[in-house]
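Position 133, counted from 1, in the sequence shown is what the working numbering calls 144; the numbers after and before it change by one each time, with no gaps. Even glycine gets a Cβ: it sits at the ideal position worked out from N, Cα and C.
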Amino acid sequence: MEARVRSRPLPRHVAVIMDGNGRWAESRGMSRVEGHRKGSEAVRSVTRQARKIGLEALTLYAFSSQNWGRPDDEVGALMMLLAEYLDSERAEILDNRIRLHTIGDTDRLPGFVRDRLESVRAASARNDGMVLTLALSYGGQEEIVHAARAAAGAGEVDAAAIEANLWTASLPPLDLLVRTSGERRISNFLLWQAAYAEMVFVETLWPDFRELDLLCAIADYQDRERRFGLTAAQVGSG
């Protein structure tokens with residue numbers, strides 16, 4: 012599967028809604044926190060595979076603006092797991108010339124997480140490999156409001172001005188959005204960017220999602236004809 016995917020045009024930017032940690036754990040009689048911990052293994056596997064095949068950008072929906080409403084103990088555990096992930100993956104990120112990027116209202120994150128994020132971001136800022144973006148305290152509606160206010164403040168509100176003020180402005184256009192766990196909605200994630208993205212919904216719960224699952228999602232994308240509002244004949248003649 013990897014050879015097949017590598018032989019065809021890759022999406023430049025893939026984003027993943029990592030869903031199903033809680034259900035994975037509850038189905039096994041474990042705490043939801045253990046599901047999130049297992050999910051961090053999937054993050055590691057998918058990031059490595061994405062880098063290996065040569066993706067330009069991978070964006071992971073790690074914590075939404077709405078997730079702050081979850082029980083305090085779960086939120087606290089998620090923050091601790093995020094800090095552990097940044098500590099454990101720092102060397103691999105730097106050794107493989109990955110550039111760490113974040114989107115979202117990261118000022119809301121606890122200081123021990125912000126400090127680690129800023130440290131890894133600064134250390135990887137000049138890296139020229141894949142851009143790994145963590146969406147943290149992120150909401151798509153909130154991002155569009157932020158961008159619209161910034162555009163209005165500059166005196167011009169049109170699509171180009173809003174896009175230039177999105178948190179993802181430095182990233183390639185979103186080509187493929189993947190959601191795990193069988194849900195078929197995008198849950199306030201990259202709403203603007205997903206306008207012409209291909210979407211793949213898979214039944215696999217996030218803790219079980221691994222390299223082959225990512226390759227299959229990309230192969231699905233590669234089998235599609237992207238029209239961007241044009242007809243099939245127009246696309247074929249281009």
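Cβ neighbour criterion (16 or more within 10 Å) applied to residue 77: exposed
Assumed close pair residue 143, residue 58 - CB separation to whole angstroms, cut-off 8 Å: 6 Å
Residue 117 beta carbon less than 8 Å from that of residue 105: In this structure, residue 105 sits away from residue 117, with a CB-CB distance that is not shorter than 8 Å.
Close beta carbons around residue 259, own chain, < 7 Å, minus the five adjacent residues each side: Because the chain is modelled from 12 through 249, residue 259 falls outside the range shown and cannot be assessed.
C-alpha gap between residue 178 and residue 39, whole angstroms: 37 Å
Close-in-space but distant-in-sequence residues of the same chain around residue 210 (CB under 6 Å, 5 per side omitted): Taking residue 210 as the centre and dropping the five residues before and after it, the same chain places the C-beta of 188 closer than 6 Å to its C-beta, in chain order.
Paired residues, beta bridge with residue 210 - DSSP: 188
Cβ distance (whole Å) where residue 190 is taken to contact residue 30 below 8 Å: 6 Å
Sequence-distant residues of its chain with Cβ nearer than 7 Å to residue 152 (five each side left out): 199, 202
Run of the beta strand (DSSP E) containing residue 27, from where it starts to where it stops: 24-28
Straight-line Cα distance separating residue 212 from residue 27: 10 Å
Under 8 Å between C-beta atoms of residue 24 and residue 145: Taking C-beta atoms as the reference points, residue 24 and residue 145 fail to come closer than 8 Å.
Residue 135 to residue 17 span [Cα, whole Å]: Each residue's Cα considered, the two are about 26 Å apart.
Residue 115 to residue 244 span [Cα, whole Å]: Taking the straight line joining both Cα atoms gives about 40 Å.
Sequence-distant residues of its chain with Cβ nearer than 7 Å to residue 159 (five each side left out): 168, 173
Sequence-distant residues of its chain with Cβ nearer than 7 Å to residue 131 (five each side left out): 97, 101, 104, 111
One or two residues paired with residue 68 in a DSSP bridge: Per the DSSP secondary-structure output, residue 68 pairs in a beta bridge with 24, 142.
Nearest-angstrom Cα separation, counted from residue 32 out to residue 228: Cα-Cα distance, rounded: 19 Å.
Cβ shell of residue 34 (< 8 Å), same chain only, five flanking positions each side left out: 46, 192, 216
DSSP beta-bridge partners of residue 149: 75
Short Cβ contact (8 Å threshold) for residue 92 with residue 51: yes
Where residue 113 falls: helix, strand or coil (DSSP): Residue state, collapsed to three classes: strand.
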